[in-house]
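Q: In the numbering used here, the protein residues as written are 1426 to 1666. C-beta: ideal position from N, C-alpha, C; glycine also. Would you mind keeping the following structure in view while I ask a few things?
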């Protein structure tokens, strides 16, 4: 009996752990590329929060030229005016969105690394610590119930959801950044990002209405829960009335 149970349980656990590892591998590969892109944009955008040294040099040279002109014409020399600098509030938003996006991406990569360790421990722990099949079966059952109790599948989805949120924050910051430079290009980026967002929302919501739909996103389960809570509350409200 224990041998049959162990065969089935081991096949199931191996399949689940393999899925966790494949998801984490995809997160790590994408995060590595995405973080480099976001980091390059952040380096450029942070410069716009402080006074440009080239502009400051031009300002100082202008003051010197003005003073020399006044001295040459025996005119009273004006005191040099300090240049006040205040960063554009749009650039503050851009840097905030991109830095949060970078933090989310790195956090997602860290969680994916931990996920690989959890999956390896989930598979190897029963066989490493116990020799009896009955004891291994009990430990496997104990670990399985623990993974359900502590919502391990949802933790995997949360890792991917963090990465998706990071991408959308980057798109939002990119649209604002380009809007500062050129409105026409910014509108083009906004339309493209809007189409992508609409497609993402469709893939998120569609499984809630079509249960045979093979598509979905990490937010589909959350949306499904919110939708059914809304239906339940609405039905109770009509019943009470």
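Could you have a look at residue 1535 and say whether DSSP puts it in helix, strand or coil?
A: If DSSP states are grouped into helix, strand and coil, residue 1535 belongs with the helices.
Q: Hey, how far is the Cα of residue 1525 from the Cα of residue 1472?
A: Cα to Cα, the separation comes out at about 17 angstroms.
Q: Tell me which same chain residues have a C-beta within less than 6 angstroms of the C-beta of residue 1643, skipping the five on either side of it?
A: Closer than 6 angstroms at Cβ, skipping near neighbours: 1582, 1585 and 1586.
Q: Taking only the alpha-carbon atoms, compute the straight-line gap between residue 1372 and residue 1603 and give it to the nearest angstrom.
A: Past the edges of the chain, shown from 1426 to 1666, lies residue 1372, and the structure says nothing about it.
Q: Based on Cα-Cα distance, which residue from 1579, 1665 and 1664 lies nearest to residue 1647?
A: Considering only alpha carbons, the answer is 1579.
Q: With a Cβ-Cβ cutoff of 8 angstroms, do residue 1562 and residue 1442 count as a contact?
A: For residue 1562 and residue 1442, no; Cβs fall outside 8 angstroms.
Q: For residue 1642, which three-state DSSP category applies?
A: Three-state DSSP puts residue 1642 in coil, outside helix and strand.
Q: Return helix, strand or coil for residue 1513, following the three-state DSSP convention.
A: Looking at residue 1513 - three-state DSSP - the assignment turns out to be coil, as it is neither helix nor strand.
Q: Measuring alpha carbon to alpha carbon, tell me which residue in 1519, 1518 and 1529 is nearest residue 1452.
A: Answer by Cα proximity: 1529.
Q: Tell me whether residue 1601 is buried or exposed, calling it buried when 16 or more other Cβ atoms sit within 10 Å of its Cβ.
A: With 16 or more other Cβ atoms within 10 Å, it is buried.
Q: Buried or exposed for residue 1520, going by 16 or more other Cβ atoms inside 10 Å?
A: Residue 1520 is buried by the Cβ-count criterion.
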